[in-house]
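What follows is a set of notes on a single structure, which appears directly below.
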Amino acid sequence: MHHMTLAEIARGLADKKFSSVELTQTLLARIAELDPKINSFISLTQDLALSQAKAADERRANGESGALLGAPIAHKDLFCTQGIRTSCGSKMLDNFKAPYDATVVAKLAAAGAVTLGKTNMDEFAMGSANESSWYGAVKNPWNLEHVPGGSSGGSAAAVAARLLPAATATDTGGSIRQPAAFTNLTGLKPTYGRVSRWGMIAYASSLDQGGPLARTAEDCAILLQGMAGFDPNDSTSIDEPVPDYSVGLTGSLQGLRIGVPKEYFSAGLDPRIAELIHNSIKELEKLGAVIKEISLPNMQHAIPAYYVIAPAEASSNLSRFDGVRFGYRCQNPENLEDLYKRSRGEGFGSEVQRRIMVGAYALSAGYYDAYYLKAQKIRRLVKNDFMSAFNEVDIILGPTTPNPAWKLGAKSSDPVAAYLEDVYTITANLAGLPGLSMPAGFVDGLPVGVQLLAPYFQEGRLLNVAHQYQLNTDWHTRTPTGF
Ligand code: GLN
């Protein structure tokens, strides 16, 4: 049962081949057996899952239907879940039980999804390896000595290991697409504003966006359908109708104009990944797509700009975790200043502290113009590059990451080395564009992802291109041994 996709589960439940309760029990047993190998969960919610599964079975018995009704999922542990620990991968929030559900959580629960638990993540979603969680590193099911990518590494590893068919995740600079690439999944970062951020603990508010991680584009369409939509509680959520993403998976690729940025194939890209990306281009050409070389000239400035803007916003967002208003409080503080200092010093891990310091510095009087303002100007240039590219092409294609998943610990002593791995993903966040990563092959037994980017609100186009590709390739069906 654990090999089924969301689409297969929906058919099985509709045909009464099994119940949601049976499926939930099977997957909970599988998690108990296999998760110790990969550490993909921070909390399991067995009781909630079984009661949601029972309720979903009853709704089906009463004639209701729906692709998510009775479907088991998990939430990245930065989506608030009422009465359930919502830790953000941090000691700071280890004892935080959210008093309400995030909009994404509430919407998926209303659609009948069953929450198996909360998945592991880099602390406050800062990272590309899932090694900065207070709950320990997550391991890549394809090779347990390698990282699964981050920050949504728990969601990715759990889905890749067939512990469940799909999970929610968030992407501030690549945290859906990069772990998808590293674990052979399909992951979609929607347009900024497509999915509500209400109840999603903020890292960098102008970049954060929730989205689905699953094995296929078809499943991403199902999960995104349950997540997307206007939310009056989120002032940046956009009041645009949500198309039926599953119905949209039928379009022909004949004449689809695919732009391939020449900057994506410069030094730094593993040549074996370049070859796999070229193979995926040929495959799409066979399906009728037309390839055009394009240029995104300001891409080289994106990493420095992102690593000013994201920490700047983080330093502001994380100021509320001070041991008084929110979060961990140190033992026996001597005075108020000691309480602040030690609560934050003991509650936050070193990567989070580094980002807070960088961000506070960049925002301070005297440096603001030199760093933050300049970074915002680069952000506009990056966006303008995309706008002119999309005058000529329908989607942009390239690698998701320059290298496959690295060994655990390989980059822990050099944060900048890890930041550089985000080179292909962060531009979409700076511009607010939707992006998808899908499986494109393997290098040394480790999965490789190809990234597709589209104009604003064209998630449907990305999903359709990925679905047509997946109908003609089988990379996404490969399973890691031992799982
Ligand atoms: N690796 C990037 C960072 O550390 C992106 C993380 C994310 O998308 N949440 O900021």
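All you need for the working numbering is the position in the sequence shown, starting with 1, plus 582.
Ideal Cβ placement from N, Cα and C applies to all residues, glycine included.
Got a sec? Which residues, its chain only, sit under 6 Å from residue i by beta carbon, not counting five neighbours each side?
i, result
"S625", "R667, G699, K700"
"S1019", "R759, A762, A763, G769, T982, G1031, Q1033"
"A649", "A592, I804"
"P915", "L921"
"L610", "Q628"
"H860", "none"
"G1036", "One point to set straight first is that residue 1036 is Ala, not Gly, in the sequence displayed. These residues qualify, in order along the chain: I977, P1016, R1043, L1044."
"T608", "M583"
"F903", "M674, G909"
What are the start and end residues of the alpha helix (DSSP H) that includes residue i?
i, result
"H1049", "1041–1054"
"V603", "602–620"
"V687", "685–692"
"A1000", "997–1002"
"K636", "628–643"
"H860", "853–868"
"V890", "884–899"
"E590", "588–596"
"Q760", "759–765"
"A739", "735–742"
Could you give the C-beta distance for residue i and residue j, rounded to a whole number, given that I count them as a contact under 8 Å?
i, j, result
"T982", "V1032", "7 Å"
"W647", "D659", "The identity of residue 647 in the sequence shown is Ser, whereas the question assumes Trp. The Cβ separation is near 30 Å, so there is no contact."
"G709", "V720", "With a Cβ gap of about 11 Å, G709 and V720 do not count as contacting."
"N712", "P730", "6 Å"
"D1004", "I885", "7 Å"
"R642", "L651", "6 Å"
"Y910", "G929", "4 Å"
"G704", "G671", "Contrary to the premise, residue 704 reads as Asp rather than Gly in this sequence. Between G671 and D704 the Cβ distance is about 6 Å, and since that is below 8 Å, they are a contact."
"G1014", "Y774", "4 Å"
"A614", "I655", "Not confirmed; about 18 Å, so no contact."
"S757", "A707", "6 Å"
"G870", "S897", "Contact doesn't hold; Cβ gap of about 48 Å is too wide."
"A635", "T606", "4 Å"
"L789", "T754", "5 Å"
"T1009", "V964", "5 Å"
"W1057", "G1027", "Not really, about 13 Å apart at Cβ, beyond 8 Å."
"Y1051", "L866", "6 Å"
Tell me which residue opens and which closes the beta strand (DSSP E) that residue i is part of.
i, result
"A749", "748–752"
"P1021", "1017–1025"
"A796", "792–796"
"R839", "839–843"
"P723", "Unbroken run through P723: none, as it is neither H nor E."
"T1009", "From DSSP, T1009 is part of no beta strand (DSSP E) but of the alpha helix (DSSP H) over 1008–1013."
"T697", "696–701"
"P1029", "1028–1035"
"T874", "A quick correction: the sequence has Lys, not Thr, at residue 874. Taken as a continuous stretch (DSSP letters only), the beta strand (DSSP E) holding K874 covers 872–876."
"K658", "654–658"
"G980", "977–981"
Kindly list the residues whose CB is nearer than 8 Å to the CB of residue i, restricted to its own chain and excluding five residues on each side of it in sequence; keep chain order.
i, result
"V686", "H657, F661, T750, V777, S778, G781, M782, G792, M809"
"F600", "M583, G594"
"Y950", "A944"
"Y1038", "T773, G1014, L1015, P1016"
"N899", "A784, Y785, A786, S787"
"T1061", "H585, R744"
"D801", "T587, L588, A589, P747, A748, T768, P794"
"E933", "D704, E705, M708, G709, S714, P997"
"R612", "H584, R744, L745"
In chain order, what residues of the same chain have a beta carbon less than 7 Å from the beta carbon of residue i, not counting five sequence neighbours either side?
i, result
"E875", "V842, K844"
"L851", "P981, P984"
"A1048", "T768, A799, L1018, M1020, L1034"
"A596", "S647"
"A957", "A887, V890, I891"
"D617", "F623, L745"
"T765", "N722, P723, W724, P730, G731, A738, A739, A742, P1029"
"L675", "T668, S669, G909"
"S715", "G671, N702, M703, D704, E705"
"R961", "A887, I891, L1012"
Please check if any C-beta of chain B sits within less than 8 Å of the C-beta of residue i.
i, result
"Q1033", "In the structure shown, chain B does not exist; there is a single protein chain."
Start-end ranges of the alpha helix (DSSP H) lying completely within the stretch 919–974, minimum 4 residues: 932–945, 956–971
Mind pulling the beta strand (DSSP E) runs of 3 or more residues that sit fully within the stretch 769–839? 792–796
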